[in-house]
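Residue numbers (the working numbering): 456 to 571.
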Amino acid sequence: MSLKTATSRIKDATVSLKDAISRIKAAIFRIKAATVSFKGSTFNFKAATVSLKAAIFRIKAATVSLKGSKFNLKASTVAILTLQPHQKLETSWMLGSLKIAMYGIEMYRILNRYKI
456 MSLKTATSRI
466 KDATVSLKDA
476 ISRIKAAIFR
486 IKAATVSFKG
496 STFNFKAATV
506 SLKAAIFRIK
516 AATVSLKGSK
526 FNLKASTVAI
536 LTLQPHQKLE
546 TSWMLGSLKI
556 AMYGIEMYRI
566 LNRYKI
């Protein structure tokens with residue numbers, strides 16, 4: 456093999472080596488980008504989990520409030536039934552107001568359940 460041929464092959468090998476190094480660098484860059492993306496996805500997943508836990512807590516609180524309202528409705532109904540006839544007319548608006556409040560709480564619970 457002549458010196459000229461050997462020099463040409465060394466140059467070709469150097470170019471190939473530089474090309475391989477560039478490809479390795481590009482692969483490392485893609486791995487770093489994928490790692491950052493994965494970390495972002497993990498953060499988003501954690502944030503979504505916290506949001507879900509908060510929503511569940513709000514639903515539980517609304518359910519407790521609803522149970523309290525149902526208890527108050529029953530107590531109010533008993534109180535109204537024990538009143539004299541002329542007192543029932545004066546207090547009947549309380550029962551209507553309580554029912555409206557219960558419907559509002561129920562609607563809040565439904566809206567939270569379906570994320571409307």
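Beta carbons are placed, not taken as given, at the ideal position from N, Cα and C, and that holds for glycine.
Straight-line Cα distance separating residue j from residue i
i    : j    : result
I486 : T504 : 27 Å
K466 : L458 : 12 Å
A502 : S496 : 10 Å
S506 : A530 : 36 Å
F512 : A475 : 55 Å
K473 : T460 : 20 Å
I493 : A510 : Here residue 493 is Phe; the residue named in the question, Ile, does not match the sequence. Roughly 25 Å separates the two Cα atoms.
K480 : S463 : 26 Å
S471 : F484 : 20 Å
A468 : R478 : 15 Å
N499 : A489 : 15 Å
Nearest-angstrom Cβ-Cβ length linking residue i and residue j, presumed shorter than 8 Å
i    : j    : result
R568 : T518 : Contact flag wrong, Cβ pair sits at about 10 Å.
M557 : S524 : 5 Å
Contact under 8 Å by Cβ, residue i with residue j
i    : j    : result
I560 : L528 : no
Other residues of its chain near residue i: CB distance less than 6 Å, five sequence neighbours each side excluded
i    : result
I514 : N567
Reference residue i; option with closest CA among the options
i    : options                   : result
K526 : F500, V491, K508 and K554 : It is Phe, not Lys, that sits at residue 526 in the sequence shown. Among F500, V491, K508 and K554, the Cα nearest to that of F526 belongs to K554.
Close Cβ partners of residue i (< 7 Å) along its chain, the five nearest in sequence each way excluded
i    : result
K508 : none
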